[in-house]
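Q: Chains as they are written, first to last, in the numbering used here: chain A, 4 to 255; chain B, 130 to 410; chain C, 8 to 333. Using N, Cα and C, we set each Cβ at its ideal position, and we do this for glycine too. Predicted model, so just to flag it, every value in this text is computed and none were measured.
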Amino acid sequence: MTVMELSNLSVTLRRRDVIRDVSLSVGKGEFIGLIGPNGAGKTTLMRAALGLIPFVGNSSLAAMPLAERAMAVAWMPQQREIAWPVTVETLVMLGRTPHVGALASPTDHDRSQVDAAIRWMGLDDMRQRAATRLSGGEQARVLIARALAQDTPFVMADEPVAGLDPAHQISTMQTFARLAEQGKSSLVSLHDLGLAARHCTRLVLMSEGRLIADGCPAHVLTPERLAEVFGISAWYQDTEQGPVCQPLEVIR
Amino acid sequence: MTRIQRILAGTVALFVAAVQPVQADAPGRVVSINLCTDQLAMMLAAPGQLLSVSHVASDPRSSAMAGQAGNYRMNHGLAEEIYVLQPDLVVAGTWTPHSTVSMLERLGVPVAVFQPARTLADIRERLVQMGEVLGRPAVAETMVAEFDVRLAALQEDMSDRPRAALYYANGYTAGDQTLAGQILLAAGFANAADEAGYRAGMKMPLEMLAMIAPETVIAARRYPGGSRSEEILDHPVLGAFRSGSTMTAMTDQDWVCGTPYVLRAVEDLARTRRGMTGADR
Amino acid sequence: MRLVLPLVLLVFVLFAASLLIGPAGIGVWEGLSALFTMDESPQALVMREIRLPRALLAVMIGAGLGVSGAAMQGYLRNPLAEPGLIGVSGSAALGAVIAIQTGAATAFALALPMAALAGALGGVLVVVALAGPRGTSLTLILAGIAVSAMAGALTSLVLNLSPNPFAASEIVFWMMGSLADRSMTHVWLALPFMVIGGGLLAATGRGLDAMTLGEDAAEAMGISMGRLRLAVVIGTACIVGAGTAVAGAIGFVGLVVPHVLRPLVGGRPGRLLWASALGGAAMLLAADIAVRIVLPERDLKLGVLTALVGAPLFLHLILKLRGTRI
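1. Count the other C-beta atoms from every protein chain shown that fall within 10 angstroms of the C-beta of glutamate 47/C, then say buried if there are 16 or more, exposed otherwise.
2. Ignoring anything shorter than 3 residues or poking outside the segment 171 to 241 of chain B, list the beta strand (DSSP E) runs there in chain order.
3. Could you tell me which chain B residues have their CB closer than 7 Å to the CB of isoleucine 57/C, listed as they occur along the chain?
4. With distances taken from CA atoms, which of Gly218/A, Pro226/A, Val253/A, Ser138/A is nearest glycine 30/A?
5. So, are the CB atoms of valine 165/C and glutamine 108/C less than 8 Å apart?
6. What residue range is occupied by the uninterrupted alpha helix (DSSP H) comprising valine 18/C?
7. Report the start-end ranges of each alpha helix (DSSP H) in the segment 35 to 65 of chain A that is 4 residues or longer and not cut off at the edges.
8. Of all the options His102/A, Thr46/A, Leu64/A, which has the alpha carbon lying nearest to the alpha carbon of threonine 5/A?
9. Rounded to whole angstroms, what is the Cα-Cα separation between arginine 256/A and serine 28/A?
10. With 8 Å as the threshold, decide whether the Cβ of glutamate 359/B is near any Cβ in chain C.
11. Can you give the Cα-Cα distance for methionine 194/B and alanine 249/C, rounded to whole angstroms?
12. Going by Cα to Cα distance, which pick from Phe233/A, Ala199/A, Val191/A is closest to proline 220/A?
13. Residues in the segment 107 to 123 of chain C with C-beta within 8 Å of chain B's C-beta atoms, listed in sequence order?
14. For the beta strand (DSSP E) that arginine 329/C lies in, which residues bound it at each end?
15. Is arginine 275/C close to chain A, meaning its C-beta is less than 8 Å from at least one C-beta of that chain?
16. Going by C-alpha to C-alpha distance, which of Ala175/C, Gly184/C, Leu83/C sits closest to phenylalanine 259/C?
17. Tell me, please, whether the CB atom of glycine 261/C is closer than 8 Å to any CB atom in chain A?
18. Find out if the Cβ-Cβ distance for the pair valine 262/B, leucine 218/B is shorter than 8 Å.
19. Hey, which unbroken runs of the beta strand (DSSP E) at 3 residues or more fall wholly within the segment 72 to 109 of chain C?
20. Are the C-beta atoms of leucine 52/C and some chain F residue less than 8 Å apart?
21. Once DSSP output is grouped into helix, strand and coil, what is the label at serine 372/B?
22. Please classify histidine 227/B: is it buried, with 16 or more other beta-carbons within 10 angstroms of its beta-carbon, or exposed?
23. Once DSSP output is grouped into helix, strand and coil, what is the label at glycine 32/C?
24. What is the DSSP secondary structure of glycine 245/A, reduced to helix, strand or coil?
25. Using the C-alpha atoms, what's the distance from leucine 206/A back to alanine 75/A?
26. Quick check: the Cα distance between threonine 15/A and arginine 50/A, rounded to an integer number of angstroms?
27. Below 8 Å between beta carbons: does that hold for proline 341/C and methionine 218/C?
28. My guess is that leucine 10/C and leucine 271/C are in contact by the Cβ rule of under 8 Å, so how many angstroms apart are they, rounded?
29. Here's the rule: buried if 16 or more other CB atoms are within 10 angstroms of the residue's CB, otherwise exposed. What is histidine 222/A?
30. For the segment 355 to 370 of chain B against the segment 275 to 286 of chain B, are there 3 or more C-beta pairs whose distance is under 8 Å?
31. In its own chain, which residues sit with a C-beta less than 6 Å from the C-beta of alanine 77/C, not counting the 5 before and 5 after it?
32. Quick one: list the residues of chain B neighbouring aspartate 188/C, beta-carbon separation under 7 Å, in chain order.
33. Using the beta-carbon of each residue, which ones in chain B are nearer than 8 Å to glycine 29/C?
34. Contact criterion: CB-CB distance below 8 Å. Does glycine 229/C meet it with respect to chain A?
35. Taking only the alpha-carbon atoms, compute the straight-line gap between valine 35/C and threonine 251/C and give it to the nearest angstrom.
36. Can a CB atom of chain C be found closer than 8 Å to the CB of alanine 86/A?
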């Protein structure tokens, strides 16, 4: 069973091919890291898959009606936009938007989902604070909690760990891993190859709008690919504590 | 006085004006740059004496003598265009921009400034004054005499004075201290706005108009090309005073300037009053 | 909610005050009884034909400006968005002036609000196109300056070309707004558009809440951006168009009211909509009472008072946003 199916997806922006012929299938319980250098097309791929920008090809999510799609996938954009000084609790409750009717008010179930998301992200002590006054890292966690509260079988997140301290980077990755354990899937773009190798069940490597490799970390993060795509050398080892990937030097 | 008699009187006055000689020291090249002096000058000047009148004089909405004004060169009250006409007298009103008057005086052009008329008696004085500056006092005297005759004819029984109010765009009214207010009185009305303390030309809120509840409202005639200022004349409150009684519109060209045409306004208004009081002959 | 009752009460008190204040000096009891008796006394005429439409228009237009300010801010994600400041009101005034000067308004009464609506629509489309939800405050203000300047210049031009001697001096009314000497005709003229616009904007609450997280996140939460944009644009144009057609462009209400009330509704754009409607009605009623008390002899324009309150607040907001968004 898949939560997202992309076939031959291409995106052209300002007469430039940004995404070319990408096919990708995301199954139940997968935690996929989407990696690639800057400008590889990671964000564009995810936005096209959601139907937020025009594309050619097929995306199972974009084909859904708006309301149905909101039940099928949660999306966390890279920009941590919080326009108004709403409380953390209110912001997380926004994740329940697809579940609460236009004129209805949140039910107990909605509230318990919000409570669970807040607890999960360790935000209990800042529930009533204005989200705009939090630090960047705190805001990132609040926005993840918002995506979790949407309670969808699939979560897409664009660089959710950027700007977080190591502890929160790891706990965020663990959050997605735990979602996978519960049978929920996620597709997360990352720049930290170490985190990607260590936590993701599968990696998808993109370069210049194309999908270069797709598979388990050891299969994707080969020295040749890292040299070709990123222009770096790295130390990769399957250790007792799991796979470790440490970039070393720029080689071009 | 009947219409025929009036026309006859006017013709006689014009004939007299045409044959009366100009005094020796009278100005030979006169330019008028104010709507009211335009009309006085056109009435009194000898043929060829008046060179130019202001462009407003040929606007039928403002000028009672728009037809005659077409016989004269038109000016826009600019010192430069007046100077090239080489006048030996310029007649202007007190509302003429001061800068224009002083500029003309610096250029050596004598300027005679006329006060606006506020009463019917003022009209006689302006006629005399214009007769003097044009060197045509005899013509002016004839015209004043005719004015007195027509005015006397209007002084009939005024025991029944209906309360009326004048109402203009932007909610302005006029009391007894204005020419319009005097026209209203001469036509046999009582000025309801004046009773409420609006003695001069001033703003009277619509609410006050409703409270003084005049028997009729005499509203300004509307100009073409709508404006928000005139919308007040369509307000239902005015409509309330229009229903049942007659609503007269002011024919601006007869009301604005202190000339004998004011009598035409008085006559029109008096007819309205007779219609209201049932005293129509 | 705790905010509803005080706001409703405030609007009610100000509405009553607006009915009871005026140059005619009608007593409280006398005035209220004149309002409900169907006689033809001068008092009844003043209450029903002059003061009632004035107070009703203040409520309608104030509420409309409040709600459209809140909606535009929510959609553009910017507290500086305000129909008056960004030229929507100015464009509406241009439409109204054209309708009056071409004679369309005389030939067909609804032509006036409809032309103003068309003007407002043009203005709001330009601003939304130039400074959408992702635009910065700078693009918003610059777009607003351009639209305002253009609309103001064209309005002056049309008025100056008018054969009507009063038209040229009316630029002040169109730029500053006034509720003096309005009648029930104006209420009926504006009401349908106000109701349609209000209905459209009232339905945007959920979408605007979701917009707190940006366009992408909102759309992924099932909010149709196309429909939200359409509702905000048409709703604002209806309200501002109808309001400006009968009362001129009144600025800053849509800026001040949402700003003051935002903390009281926990920053939520959806709740801010109805709160701003009530707050806007209260602010415009208060301003219209003030113009009658401060300078009863002069036709002081409403925009003068709203700008005296609003402009310093606007500067304060710019100062606050300077470090973060611009």
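A: In short, the structure shows the following:
1. Taking the first residue of the third sequence as 1, we reach residue 47/C at position 40. Its Cβ having fewer than 16 others within 10 Å, glutamate 47/C is exposed.
2. 179 to 183, 202 to 204, 218 to 222
3. Indexing the third sequence from 1 puts residue 57/C at position 50. Here the neighbours are Leu335, Glu336, Ala339, Val366.
4. The residue labelled residue 30/A in the question sits at position 27 within the first sequence. Glycine 30/A has its Cα closest to that of Gly218/A, out of Gly218/A, Pro226/A, Val253/A, Ser138/A.
5. What you label residue 165/C is simply residue 158 of the third sequence in a count that begins at 1. What you label residue 108/C is simply residue 101 of the third sequence in a count that begins at 1. Yes, the pair counts as a contact, with Cβ atoms nearer than the cut-off.
6. Locating residue 18/C in the third sequence gives position 11, where the first residue counts as 1. Unbroken alpha helix (DSSP H) run through valine 18/C: 11 to 27.
7. The qualifying runs are 45 to 53.
8. What you label residue 5/A is simply residue 2 of the first sequence in a count that begins at 1. Cα-wise, what sits closest to threonine 5/A is Leu64/A.
9. No answer is possible for residue 256/A: it lies beyond the span of chain A, which begins at 4 and ends at 255.
10. For the purposes of this step, residue 359/B is taken as residue 230 along the second sequence, with counting starting at 1. For glutamate 359/B, the answer is yes, since a Cβ of chain C falls inside 8 Å of its Cβ.
11. Within the second sequence, residue 194/B is the residue found at index 65, counting from 1. Within the third sequence, residue 249/C is the residue found at index 242, counting from 1. If you take the alpha carbons of methionine 194/B and alanine 249/C, they lie about 44 Å apart.
12. Within the first sequence, residue 220/A is the residue found at index 217, counting from 1. Of Phe233/A, Ala199/A, Val191/A, the residue nearest in Cα terms is Ala199/A.
13. Ile107, Gln108, Gly110, Ala112, Thr113
14. In the third sequence, residue 329/C corresponds to position 322, counting from 1. It is not in any beta strand (DSSP E) - arginine 329/C instead sits in the alpha helix (DSSP H) that spans 309 to 329.
15. Against the third sequence, residue 275/C aligns to sequence position 268. For arginine 275/C, the nearest beta carbon of chain A is closer than 8 Å to its own beta carbon.
16. Translated into positions along the third sequence, residue 259/C becomes position 252. If we check each option's Cα against that of phenylalanine 259/C, Gly184/C comes out closest.
17. Here the question's residue 261/C lines up with position 254 in the third sequence. Glycine 261/C does not count as touching chain A.
18. Working through the second sequence from its first residue, we reach residue 262/B at position 133. Working through the second sequence from its first residue, we reach residue 218/B at position 89. Yes, Cβ-Cβ distance for valine 262/B and leucine 218/B is below 8 Å.
19. none
20. Here the protein chains are A, B and C, and chain F is not one of them.
21. Locating residue 372/B in the second sequence gives position 243, counting from the first residue. Any reading at serine 372/B must be qualified, since the residue scores a pLDDT of 48, below 50, and its modelled position is unreliable; the value itself is stated next. Here serine 372/B sits in coil by DSSP.
22. In the second sequence, residue 227/B corresponds to position 98, counting from 1. Result: exposed.
23. The count along the third sequence starts at 1 and reaches residue 32/C at position 25. Correct three-state label for glycine 32/C: coil.
24. Within the first sequence, numbered from 1, the residue matching residue 245/A stands at position 242. In this structure, glycine 245/A counts as strand in the three-state DSSP scheme.
25. As a working mapping, residue 75/A is identified with position 72 in the first sequence. As a working mapping, residue 206/A is identified with position 203 in the first sequence. Taking the straight line from one Cα to the other gives about 22 Å.
26. Translated into positions along the first sequence, residue 15/A becomes position 12. Translated into positions along the first sequence, residue 50/A becomes position 47. Near 13 Å, if we compare the C-alpha coordinates of arginine 50/A and threonine 15/A.
27. Lying outside 8 to 333, the shown extent of chain C, residue 341/C is not represented and no answer is given.
28. By 1-based counting over the third sequence, the position of residue 10/C is 3. By 1-based counting over the third sequence, the position of residue 271/C is 264. About 5 Å; that satisfies the 8 Å criterion.
29. For the purposes of this step, residue 222/A is taken as residue 219 along the first sequence, with counting starting at 1. By the 10 Å Cβ count, histidine 222/A comes out exposed.
30. no
31. Start at 1 with the first residue of the third sequence, and residue 77/C comes out as number 70. Excluding residues within five positions, the ones whose Cβ falls inside 6 Å are Pro265, Leu279, Leu280, Ser283.
32. Your numbering for residue 188/C matches position 181 in the third sequence. Ordered by position in chain B, the residues that pass the 7 Å Cβ test against aspartate 188/C are Gly300, Leu335, Ile361, His364.
33. Stepping through the third sequence from its first residue, residue 29/C is reached at position 22. Result: Pro334, Glu336.
34. Along the third sequence, read from residue 1 onward, the residue named residue 229/C stands at position 222. Chain A contact via Cβ: present.
35. Within the third sequence, numbered from 1, the residue matching residue 35/C stands at position 28. Within the third sequence, numbered from 1, the residue matching residue 251/C stands at position 244. Roughly 31 Å between the two C-alpha positions.
36. Here residue 86/A refers to the residue found at position 83 of the first sequence. Yes, its Cβ sits closer than 8 Å to a Cβ of chain C.
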